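Participant: This is the structure, below, for whatever I ask next.
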Amino acid sequence: DQQVKQNSPSLSVQEGRISILNCDYTNSMFDYFLWYKKYPAEGPTFLISISSIKDKNEDGRFTVFLNKSAKHLSLHIVPSQPGDSAVYFCAATGSSNTGKLIFGQGTTLQVKP
Amino acid sequence: DTGVTQSPTHLIKTRGQQVTLRCSPISGHKSVSWYQQVLGQGPQFIFQYYEKEERGRGNFPDRFSARQFPNYSSELNVNALLLGDSALYLCASAPPMSTDTQYFGPGTRLTVL
Chain A
8 DQQVKQNSPS
18 LSVQEGRISI
28 LNCDYTNSMF
38 DYFLWYKKYP
48 AEGPTFLISI
58 SSIKDKNEDG
68 RFTVFLNKSA
78 KHLSLHIVPS
88 QPGDSAVYFC
98 AATGSSNTGK
108 LIFGQGTTLQ
118 VKP
Chain D
6 DTGVTQSPTH
16 LIKTRGQQVT
26 LRCSPISGHK
36 SVSWYQQVLG
46 QGPQFIFQYY
56 EKEERGRGNF
66 PDRFSARQFP
76 NYSSELNVNA
86 LLLGDSALYL
96 CASAPPMSTD
106 TQYFGPGTRL
116 TVL
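Here it is in structure tokens:
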């Protein structure tokens with residue numbers, strides 16, 4: 008039972024354009040969402056998070072949008088840079104306080120120069 | 006600042022053997038979580054420890070065990086290794102006031118032959 012889904016395995020965009028990565032979830036008890044970036048042979052790097060009491064959070068070139076009614080979140084990267092090429096994972100957690108992050112399958116982003 | 010460190014980087018074992026993986030959290034972090042990542046999937050939660058107590062456990066068999074030491078470092082043990090245990094094992098730590106935002110180490114690549 009995949010509670011967090013990233014339905015696009017890959018995405019390719021031109022340098023300077025916007026990258027939009029999407030994530031859907033099924034568990035309405037999730038109240039905190041995170042995005043991680045992962046390069047090969049490295050661990051995931053935390054990018055940005057959002058609490059369920061918000062619908063938008065922005066940090067530099069990265070913005071996360073949360074649509075609770077649709078159980079959907081997205082990560083916008085503007086402008087995209089070749090160094091952004093990596094695998095992006097969304098993750099979710101609930102208020103059960105077990106520290107368990109539920110991850111999606113990941114989306115591979117390629118930013119072309 | 007030193008991030009989360011893990012050792013060893015790579016490990017090759019044969020079926021039936023036992024393995025111990027080690028993790029040191031970011032200084033000041035008291036929470037350590039372990040995840041398993043197989044190729045093409047997102048990380049899967051195994052355990053979380055906070056202040057040396059197990060706070061959460063994922064859907065993994067009893068062959069998997071962990072502990073946390075007084076200095077907040079942690080070990081993950083896997084007994085009776087199976088071929089399917091081949092994966093990247095990730096350790097993450099979290100700050101005391103925001104245990105949902107986890108910071109990952111580079112991982113240990115375990116290969117079971």
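Residue numbers (the numbering used here), protein chains in the order written: chain A, 8 to 120; chain D, 6 to 118.
Glycine included, each C-beta is placed from N, C-alpha and C at the ideal position.
No experiment lies behind these values; they were computed from the predicted model shown.
1) Going by beta carbon distance, what residues of the same chain come within less than 6 Å of LEU73 (chain A), once the five residues before and after it are set aside?
2) Since PHE37 (chain A) contacts GLY111 (chain A) with CB under 8 Å, what's their CB separation in whole angstroms?
3) For LEU16 (chain D), which residues of its own chain have a beta-carbon under 8 Å away from its beta-carbon, when the five flanking residues on both sides are left out?
4) For GLN42 (chain D), which beta-bridge partners are listed by DSSP?
5) Going along the region 34–51 of chain A in order, which residues come within less than 7 Å of chain D, judged by CB to CB distance?
6) Quick one, which of D:GLY89, D:GLU58, D:SER103 has its alpha-carbon nearest TYR77 (chain D)'s?
7) By the DSSP assignment, the beta strand (DSSP E) with ASP68 (chain A) in it spans what residues?
8) Name, in chain order, the residues that DSSP records as bridge partners for HIS34 (chain D).
9) Could you check where the beta strand (DSSP E) with SER76 (chain A) kicks off and where it finishes?
10) Take SER15 (chain A) as the anchor and find which of A:GLY113, A:PHE69, A:PRO120 has the nearest alpha-carbon.
11) In this structure, how does DSSP classify LEU108 (chain A) when only helix, strand and coil are distinguished?
12) Measuring only the C-alpha atoms, how far is GLN53 (chain D) from SER26 (chain A)?
13) Would the region 79–93 of chain A and the region 67–77 of chain D be scored as touching if the rule is three or more Cβ pairs under 8 Å?
14) Would you kindly report the start and end of the unbroken beta strand (DSSP E) that includes ALA93 (chain A)?
15) What residues from the region 26–42 of chain D come within 7 Å of chain A, judged by C-beta to C-beta, listed N to C?
Facilitator: If we stick to the structure as given:
1) In the first sequence, counting from the first residue as 1, residue 73 (chain A) sits at position 66. These residues qualify, in order along the chain: ILE57, ASP62, LEU80.
2) Along the first sequence, one-based indexing puts residue 37 (chain A) at 30. Along the first sequence, one-based indexing puts residue 111 (chain A) at 104. Contact flag wrong, Cβ pair sits at about 12 Å.
3) Taking the first residue of the second sequence as position 1, residue 16 (chain D) is located at position 11. So the qualifying residues of the chain are VAL24, LEU26, THR113, ARG114, LEU115, THR116.
4) The residue given as residue 42 (chain D) occupies position 37 in the second sequence. In DSSP, GLN42 (chain D) forms a bridge with D:LEU93.
5) TYR39, LEU41, GLU49, GLY50, PRO51
6) Here residue 77 (chain D) corresponds to residue number 72 of the second sequence, with the count starting at 1. Nearest of D:GLY89, D:GLU58, D:SER103 to TYR77 (chain D), Cα basis: D:GLU58.
7) What you label residue 68 (chain A) is simply residue 61 of the first sequence in a count that begins at 1. According to the sequence as given, residue 68 (chain A) is Arg; it is not Asp. Where ARG68 (chain A) is concerned, there is no enclosing beta strand (DSSP E), given that its DSSP letter is neither H nor E.
8) The residue labelled residue 34 (chain D) in the question sits at position 29 within the second sequence. Bridge partners of HIS34 (chain D): none, in fact.
9) What you label residue 76 (chain A) is simply residue 69 of the first sequence in a count that begins at 1. Counting along the chain, SER76 (chain A) falls outside any beta strand (DSSP E), and DSSP gives it neither H nor E.
10) Numbered from its first residue, the first sequence carries residue 15 (chain A) at position 8. When each option's Cα is compared against that of SER15 (chain A), the closest is A:GLY113.
11) Looking up residue 108 (chain A) in the first sequence gives position 101. LEU108 (chain A) falls in the coil class under three-state DSSP.
12) Locating residue 53 (chain D) in the second sequence gives position 48, counting from the first residue. Locating residue 26 (chain A) in the first sequence gives position 19, counting from the first residue. Roughly 33 Å separates the two Cα atoms.
13) no
14) Along the first sequence, one-based indexing puts residue 93 (chain A) at 86. Run containing ALA93 (chain A): 93–101, per the beta strand (DSSP E) assignment.
15) SER36, SER38
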